[in-house]
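Student:
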Amino acid sequence: MSNELDRRFKAAKYIVHKAAEIALELRPSPGGPQGSLKHVQDWVTAADGKIESFISQEIKNLFPEDGFQGEEKGETRTGSLQWVVDPIDGTSNYARGRDRWCVSLALMHNDEPLLGIIEAPCTQEFYTARLGHGAFLNNAPISVSDVKDPKISMIELGWSHVSVKEEFLYYADKILSTGAMIRTIGSGTLSLVDVATGRLDGHFEMKINLWDVAAALVLLKEAGAVVSPFLKTGGLYKPTPILASSPGLAKLLSDITHLPLDG
Ligand code: IPD
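Every letter in the sequence shown is one number past the one before it in the numbering used here, and letter 164, counting from 1, is 909.
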């Protein structure tokens, strides 16, 4: 397995980097949104499909026996090793020419994420993690923050069209009442990764999909974050809540969000 993973890790880094280059070239200029709506405020751009097809084809050529699941095309192949891709996470930002988006690719085995590779080309950030081997930003090791006092903390509260406004406002009120600073910047993947790097102390989202989190889960685990049991509570199949936190704020955020923690 180790050699097989080595080969896949190396290939995945190359593929994500190429995909991010293509996405950057195709990024719309700043202005009104360019793309079409899947649902209210749920954008898809021409680049999403192109990037997903590119990644799918590269993987098929190199590892025809592997499974594949993508966000956009519903293209699915099954295998005991399963790739999960979000071609552009943060599409609403991408569609308006903003910088906060990324390409995300994970490899899972028996429902366990083993590899996570994420590139945010606008900020020239390349995140990699392999289970048991640490998490890295541009090849430098990363770890979670040591913040314990909510009054100096920063927490992202993810919002998307599947969230319920009243619930969002309830959680925003609870989190703000701890003294935390909140953010909501439109890329669940990058927000989770921010918890792994210590740029945020927590991320909570009421409903999010597997492709938005699969790669980030490896980074979070390797960086020492505490995460709710997303995969065991439906995340493999349907939009599911997620909480990721630095250890110092995990109990507080778990109490507020009513989500258990996996460690
Ligand atoms: C979305 C973003 C957003 C999150 C949503 C995701 P997309 O992914 O990550 O921040 O709130 O839950 O669906 O559509 O940009 O790939």
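All C-beta atoms, glycine included, are put in the ideal place defined by N, C-alpha and C.
What three-state label does DSSP hand Y915 in the structure shown?
Tutor: It is helical.
Student: Inspect the beta-carbon positions of F975 and L860 and report whether they are closer than 8 Å.
Tutor: Contact: no.
Student: Are the CB atoms of P992 and V889 nearer to each other than 8 Å?
Tutor: Closer than 8 Å, so yes.
Student: Would you tell me roughly how many angstroms separate the C-alpha atoms of H762 and A768, rounded to the nearest one?
Tutor: Taking the straight line from one Cα to the other gives about 10 Å.
Student: Using three-state DSSP, classify Y839 as helix, strand or coil.
Tutor: It is helical.
Student: Verify the contact flag: W828, CB atom, against every heavy atom of the ligand IPD, threshold strictly below 7 Å.
Tutor: Checking the Cβ of W828 against the ligand IPD gives no.
Student: Taking only three categories from DSSP, how would you classify I1018?
Tutor: Nothing can be reported for residue 1018, as the shown portion of the chain is limited to 746 through 1008.
Student: Note down the Cα distance separating G969 from P809, rounded to an integer number of angstroms.
Tutor: Spanning the two alpha carbons is a distance of roughly 34 Å.
Student: To the nearest angstrom, how far is the alpha carbon of S801 from that of E864?
Tutor: If I take the Cα positions, the gap works out to 17 Å.
Student: Below 8 Å on the Cβ atoms is my contact criterion, and I expect I796 with W828 to pass it. Report the Cβ-Cβ distance as a whole number of Å.
Tutor: That belief does not hold up - the Cβ atoms of I796 and W828 are roughly 14 Å apart, past 8 Å.
Student: So T823 is in the beta strand (DSSP E); what residue range does that whole segment cover?
Tutor: Here T823 belongs to no beta strand (DSSP E), and DSSP marks it neither H nor E.
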